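Numbering (our numbering), first residue to last: -3 to 208.
Using N, Cα and C, we set each Cβ at its ideal position, and we do this for glycine too.
Computed from a predicted structure; not experimentally measured.
Printed below as a string of structure tokens:
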């Protein structure tokens, strides 16, 4: 049984997400007059993303999905996995696949933009992006990722959250940090263990200056 499908059925019975509702609304752009939302899940599935890191990523995606079910009547999910190339896949393929080789993160951002423009006009859909990675990326690609987010993705989305499931601050983290300093609809945090997921989720979506 698909886990996010199961979450869809049980979302109304998960009260622990409620305390951050107000903070989320205060930080995220006011939704367009639509009951529809689409959540893009982007995840690195290269060889360095082991099962523990994928599990932490899955928990993060689940929390965001459960939160959005409180605010929208219709939610669609788009799963994009990537290593050196990106591919839209089913939920099952998304969480179970592992590839060998390197990582080119921008391939996922390119595909996300293509799908948004083809299927989810920003005037009709509330668009959310959630990205999980261990931070490893082809060095020359990270600047392109920052530029793509800044110029192409962030103007289209209500909110975009990046979670790094590793401690090391590599070049992708450094590039994204430049965006986090100036963009109100972009946030990033690190996760060291599964126990960190919910506190990090609260921190990502709370209003700045508001205590949890």
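Would you give the residue range spanned by the alpha helix (DSSP H) that residue i belongs to?
i	result
residue 106	102 to 115
residue 87	87 to 92
residue 173	167 to 176
residue 196	193 to 201
residue 138	138 to 144
residue 53	47 to 65
Just curious, the beta strand (DSSP E) that residue i is in, first and last residue?
i	result
residue 77	70 to 78
residue 187	Looking at the DSSP string, residue 187 is not in any beta strand (DSSP E), and its letter there is neither H nor E.
residue 40	32 to 40
residue 160	155 to 160
residue 125	122 to 129
Where does residue i land, buried or exposed, given buried means 16+ other C-beta within 10 angstroms?
i	result
residue 163	exposed
residue 86	exposed
residue 171	buried
residue 178	exposed
residue 135	exposed
residue 48	exposed
residue 46	exposed
residue 142	buried
residue 197	buried
residue 201	buried
residue 65	buried
residue 99	buried
residue 205	Residue confidence is low: residue 205 scores 35 on pLDDT, short of 50, so the model does not pin down where it sits. No coordinate-derived value is stated.
Throw me the rounded Cβ distance for the residue i and residue j pair, which I believe falls under 8 Å.
i	j	result
residue 157	residue 126	5 Å
residue 97	residue 42	6 Å
residue 102	residue 146	With 8 Å as the limit, residue 102 and residue 146 do not qualify as a contact, their Cβ atoms being about 13 Å apart.
residue 193	residue 59	7 Å
residue 107	residue 88	Between residue 88 and residue 107 the Cβ distance is about 19 Å, and since that is not below 8 Å, they are no contact.
residue 120	residue 32	7 Å
residue 116	residue 34	5 Å
Looking at residue i and the ligand COA, is the gap between the Cβ and the nearest heavy atom below 7 Å?
i	result
residue 82	Among the ligands in the structure shown, none appear at all, so the ligand COA cannot be discussed.
- Item | contact_flag[the region 188 to 200, the region 48 to 64] where n(CB pairs < 8 Å) is 3 or more | yes
- Any contact of the region 141 to 154 with the region 55 to 75, i.e. 3+ C-beta pairs under 8 Å? no
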